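Each remark here refers to the structure printed beneath this line.
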Amino acid sequence: MNTYKFFGSRNSGAKNWYLQRISGIILVIVLIGHYVLMHATPDSGHTYKAVMERLHSPFWKGIDLTFVTLGLWHGLNGTWNVIRDYHLKPWVANTIYVLMILLGLTFWFIGLNTILSF
Amino acid sequence: MIHKHDLIIVGAGLAGLRAAVETSQYADVGVISKLFPTRSHSGAAQGGIAAALGNEEHDKVEWHVFDSVKGSDYLGDQDAIEMMCGEAPDAIYELEHLGVPFSRTKEGKIAQRQFGGHTKEVIDENGNSKRIPVLRACYSADRTGHVILHTLYEQCVKRNVRFYAEYFILSLIIDDGVCKGLTAFNLRDGEIHTFHAKAVMFGTGGYGRAYRVTSNAYANSGDGVAIAFRAGIPLEDMEFVQFHPTGLYPLGILVTEGARGEGGYLVNNDGDRFMKNYAPTVMELAPRDMVTRSIQTEINEGRGINGGDFVNLDLTHLGAAKLKERLPEITGFAKTYAGIDPVKQPIPILPTAHYSMGGIPTDLYGHVLADEKGTIVKGFYAAGECACVSVHGANRLGTNSLLDAVVHGRRTGKTLVKYLREAEFSPLPDDAEKKDREMFANLYGTSSGENADKIRLRLKEEMTNKCGVFRNEKDLNSMLDTIHELEHKFKNVHLSCKGKVFNTELMEIIELGNLLEFSDAIVTGALARQECRGAHWRTDHPKRDDVNWLKHTIAFKTEKGIELKYKPVVINKYQPQERKY
Amino acid sequence: MANQTATSFFSRWLEVLFNYRKHTGSWAWILHRITGLGLTIYIMVHIIALTGLLKGEAAFNEEMALFTSPVFLFGEWLLGALVMFHSLNGVRIALVDFGNGARYHKQILAFVYVLGVLMVAGMAYLIFLH
Amino acid sequence: MKVTLSIKRFDPEKDEKPYRKEYTIDVEPTFRILDCLDKVKWDIDGGLAYRRSCSHGICGSDAMMINGKNMLACQVLVQDFKKKYIKIDPLPSLPIIKDLIVDMDGFFAKYEVVKPYLISKTQPPVKERYQSQEDRALIDEAVNCILCGACSASCPSLWSNDAYLGPAAMLKAYRFVFDSRDDAQAERLDVVDTPDGLWRCHTIFNCVEVCPKEINITWHLSQLKKKCAMREL
Ligand SMILES: Cc1cc2nc3c(=O)[nH]c(=O)nc-3n(C[C@H](O)[C@H](O)[C@H](O)COP(=O)(O)OP(=O)(O)OC[C@H]3O[C@@H](n4cnc5c(N)ncnc54)[C@H](O)[C@@H]3O)c2cc1C
Ligand code: HEM
Ligand code: SF4
Ligand code: F3S
Ligand code: FES
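Line by line, the protein sequences are chains D, R, F and H. Using our numbering, read the first sequence as starting at 1 and increasing by one per residue. Using our numbering, read the second sequence as starting at 1001 and increasing by one per residue. Using our numbering, read the third sequence as starting at 2001 and increasing by one per residue. Using our numbering, read the fourth sequence as starting at 3001 and increasing by one per residue.
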């Protein structure tokens, strides 16, 4: 019985599994901070000035970068995980995989561009 | 279709699988089983497997031999018992090496526990020798049979043994006194197959299903025993059927001996611990056959709970903690099947048909014997519960039967390796499948007739009542009449489902035919044996009779019915004495 | 021979998914999956929305006016609930995988639900009443 | 007492596709569902097909879906159900052979993939190998598996991907990986550390809910996952 061959990327899933959890845990911390900040002091989230102020501080820049990077990676890796739950033909799976990488990179650059412009 | 293997093993219980593990490196082996291998009934064994390892306290093979001889009520062949007990330690070590996860002692050795009838010799303060219980049963929690069965199957997977799972064997091909193979049908598609082999080994298990109340699986319908009988092989000591005292009412699911070992009481409707009237000194810890008879007497004399056919096993005084620690499985069974919490309520129990001491006669090497003189049937072997070596005589000790299956499976395997090296395939007769095809055609051709389930129910009911714990001439005669009547009806049995795929109705009908076949031998043997010995208790002859009956029954199937012959018991070291505990 | 595999894989899969009893863990899994996928879409929308910053203060504040309207606030609260569930359940999964959580997964889940409801209520306070 | 069983029937020789049929029978409250099936088989329709043997939950033959949950028909009694209308289906997502009998070949093929046997690379001693009670305790639960298939057939991950090894096979892998006497950890981890192995388990716990031997399979899988992840890092 050797039908349990792998499709898609070459690794087994162990690293992705591990990182999915680690990124998730980091995201909880970042997210809660983000939420409290946004809504405990409503102004800070929804006015241009406040946002600018934050974006100029390297600390908040870092936080936002982490957020975009980990959020995208975690979400897309999670989606890829969902897709892998179905026994797709290898070429279909591989195509989706490439498309998802492209999608991820695109949004990452858009996000990066916004954050780093200031 | 014809399949060709050097060796065909029928049965994937402990006996069959152990032999497969032994032989598969040297020969092309096929294993046939009507169940997927790990479903075999060996998996139900809870208590343990005996061997004088001396891991927990000092123990000697000699003591094990004596206990087994005495337990057998001196009907066991002492050469066979010496051999089995002597090989036991090695057989257990080998199981451990194969991967069996035994429970462990503090030092990491195989753990052992006490079991009924297993004793050691000690000198008491007055300088007299006496026997007290010994820790001899190797175990894995209360799932010993399960873990051994799975381990042996695993080893067969490792050795790439070819399994024919869900194939049901129909008949043996014995020609000129040589066994050449067998026929079987594949339950999946209903096709009949012929298996051509240099040798056939049976490890087809027991036949408790001839009784209404039994601890045995549906599959324990004694097919192998009946098929051999039909092929002209005699059966040995069939009248000895062991009834376990404590089966869960009403199904007969086993409540292990350990429940009484831990201090459980047996009480009747009057709230009496009735064992004081039967065995005042040891009470509930009397040997199996004795306790069984006491319970049955209470029931028969109307002291069952509310006049019903059960008494109570009271564990409530042991307390929740002890039950949880020592008897978790039993607690679970009582909850699941009787809706009873043993912590608060007593468990209803009744004697349950448990083990068949008799079976296909074999010698110490697993060769099947064709008669009372010891003539070997070439190419035919048997081991396990379906065989009778005889190491259990008239009553087997707890934990000795797993040992029997493992030791004899292994020994037979070794014999087979030698035999297969020299043996050749002998040509099959042309019409090997003819009889089976005719039987199938007959059954598929019926449009009406007798209902198989009615026949089965009646057989089981009457076997329980008339050929059960207590027997007498009148009942046994009436039982014989019933069997003959049912056999007659069975010729007209109706198969309502005409499909080929998994026709389980067809399978049950064939099993019923087998039940009838060997029940006849049980009853005939019991009727003839006018004494009480071990599990066989005749109320009309209430004494053991060593002068006339210290011998094995050998039943032959002839044109005119069953013919009984006898052969002497092998007695080496231990002369028969009165059996007292 | 007739064969029940004639029906498509997808319809068989759906049939099983619907007919099989949903235990605690199944609900958690289904919700986790739906919220996870939803959040992934949301994070992308979020990234696009923030490009508004690049268009200057006026354009951004206009956008924000829209986002602070009651409808959007309510939406944001709902989103918060999703995030809450996904993150807390995510922690539960991590506890199951990394720790000994598999032995207590139901208790952890109960805790997650209680904590989640409290946090969602807290958020309602922050968003609507603060 | 009367109960109605609604049983999923399928005879490959006659039927295009499975259908349901109802049988109302007279039973005792203490009947097992298995006894109810026997009653239908013996009194109404001899063709009804299902597997069974031990009748007390130790052989693993009769796992089936009862009222939407996998269980052993011999381990539940009529009185355990409030409603006396009981739905019985074969194990979900496995190919049906006939009525309640499913094709377990795939299930056992996966079992064989994980090398389910002790591999020891050293010569055993004359007597037994020693194993401490602590080491033995690691496999206490795992060795109880009766290979009934209830867990694997209840796992949503397996429903959507039949190449997934499934909880039963991986539990067997655990049983040997964590047996102190075994020397083939790496080989076995290689088998479960694949996209169709451990990483398809999303801790859904359906397997744990149904296991008739009350094995916490997910806990065992999490131990394997950790071992694999540590190996990668
Ligand atoms: C509840 C219970 C508890 C027990 N506890 C203990 C204990 O604690 N200690 C102990 O020592 N003993 C115990 N015993 C007894 C012991 O388990 C059995 O005697 C022993 O397991 C028999 O093993 P076996 O290999 O001979 O047969 P089995 O394990 O019964 O195997 C029979 C095999 O033959 C196959 N077969 C049968 N008929 C056919 C056919 N027609 N075609 C194809 N294949 C067929 C079956 O599929 C099966 O694989 C217990 C028995 C019971 C019932
Ligand atoms: C806030 C803290 C978060 C934690 C702790 C967390 C945790 C997890 C974990 C552990 C998984 C793995 C589930 C599995 O493999 O079975 C997962 C899956 C997933 N997460 Fe998150 N996550 C968080 C936030 C997010 C965010 C912000 C997104 C969206 C961008 C997201 C999207 C997903 C997706 C799509 C999946 C896959 C769903 C599945 O496998 O069923 N998660 N999350
Ligand atoms: S783990 Fe439990 S449910 Fe799964 S096969 Fe084993 S006994 Fe059955
Ligand atoms: S149900 Fe399936 S997803 Fe994992 S926890 Fe059990 S194997
Ligand atoms: S019949 Fe053996 S587990 Fe149910």
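All C-beta atoms, glycine included, are put in the ideal place defined by N, C-alpha and C. Quick caveat, the model's predicted, so the values are computed rather than measured.
- In this structure Phe1202/R touches Gly1011/R by the C-beta definition: roughly 6 Å separates them, less than 8 Å.
- Between ligand 5 and Leu3005/H, a heavy atom-to-CB distance of less than 6 Å is absent.
- For a cut-off of 8 Å, the C-beta gap from Asp3196/H to Ala3153/H is around 17 Å, too long to register as a contact.
- Interface annotation, Ser12/D: in contact with chain H, CB-CB separation under 7 Å.
- At a cut-off of 6 Å, the beta-carbon of Leu3072/H counts as near ligand 5: some heavy atom of the ligand is closer than that.
- Nearest C-alpha to Asn1503/R among Val3027/H, Gly3047/H, Ala3169/H: Gly3047/H.
- Asp64/D and Ile2048/F have their C-alpha atoms spaced approximately 14 Å apart.
- At a threshold of 6 Å, Ser3093/H does not count as near ligand 4, since its beta carbon sits no closer than that to any of the ligand's heavy atoms.
- Secondary structure note for Ile1562/R: its beta strand (DSSP E) is the uninterrupted segment 1561-1568.
- Taking the C-beta atoms as reference points, Thr3024/H is found nearer than 7 Å to Lys3002/H.
- Under the Cβ criterion (8 Å, minimum of three pairs), the segment 1411-1424 of chain R counts as touching the segment 1381-1388 of chain R.
- Separation of the CB atoms of Ile1554/R and Glu1236/R is rounded to 6 Å, and the pair is thereby assigned contact status at 8 Å.
- Segment contact: the segment 1263-1283 of chain R against the segment 1361-1373 of chain R, fewer than three CB-CB distances shorter than 8 Å; contact not assigned.
- At the C-beta level, Ile1455/R and Leu1486/R come within 7 Å of one another.
- Listed as beta-bridge partners of Phe1202/R by DSSP are Val1010/R, Ala1382/R.
- Residues His2032, Thr2035, Gly2036, Leu2039 of the same chain have their beta carbon placed closer than 7 Å to that of His2086/F, with the five preceding and five following residues left out of the count.
- Cβ neighbours of Ile115/D within its own chain (closer than 8 Å, five residues either side excluded): Leu55, Lys61, Asp64, Leu65, Val68.
- Listed in chain order, the non-local C-beta contacts of Ile3097/H below 6 Å within the same chain comprise Asp3103, local neighbours out to five positions each way being set aside.
- Cα atoms of Ile1330/R and Val1255/R: separation of roughly 6 Å, rounded to the nearest angstrom.
- If the five residues before and after Leu19/D are omitted, its C-beta is found closer than 6 Å to no C-beta atom of its own chain.
- At a cut-off of 7 Å between C-beta atoms, Asn3161/H counts as an interface residue with respect to chain D.
- Cβ-Cβ distances below 8 Å link Phe1310/R to Tyr1249, Pro1250, Ile1299, Gly1304, Pro1348, Ile1349, Leu1350 in the same chain, with the five nearest sequence neighbours on each side left out; the list follows chain order.
- At least one heavy atom of ligand 5 falls within 6 Å of the beta-carbon of Cys3054/H.
- Taking 6 Å as the cut-off, the C-beta of Lys3213/H counts as close to a heavy atom of ligand 3.
- In its chain, beyond the 5 residues on either side, Gln3185, Arg3188 have a beta carbon closer than 6 Å to the beta carbon of Val3177/H.
- The closest heavy atom of ligand 2 lies 6 Å or more from the beta carbon of Asn1503/R.
- Under the Cβ criterion (8 Å, minimum of three pairs), the segment 2106-2125 of chain F counts as touching the segment 2066-2084 of chain F.
- Within chain D, the C-beta atoms nearer than 8 Å to that of Val2091/F come from Gly24, Ile25, Val28, in chain order.
- Of the residues assessed, Trp91/D falls on the exposed side of the cut-off, its CB having fewer than 16 other CB atoms within 10 angstroms.
- Residues of the same chain with a CB within less than 6 Å of the CB of Lys1378/R, apart from the 5 flanking positions on each side, are Val1178 in chain order.
- Around Ala1217/R, the beta-carbon contacts reaching into chain H at under 7 Å are Ser3053, Cys3054, Ser3055, Cys3059.
- For the pair Asp3011/H and Val1225/R, the Cα-to-Cα distance works out to about 33 Å.
- Distance from the CA of His1536/R to the CA of Asp1545/R, rounded to the nearest whole angstrom, comes to 12 Å.
- The three-state reading of DSSP puts Cys1085/R in helix, counting H, G and I together.
- In this structure, the alpha-carbon of Thr3218/H lies about 8 Å from that of Ile3204/H.
- The segment 3092-3128 of chain H contains, as complete beta strand (DSSP E) runs of 3+ residues, the segments 3096-3098 (chain order).
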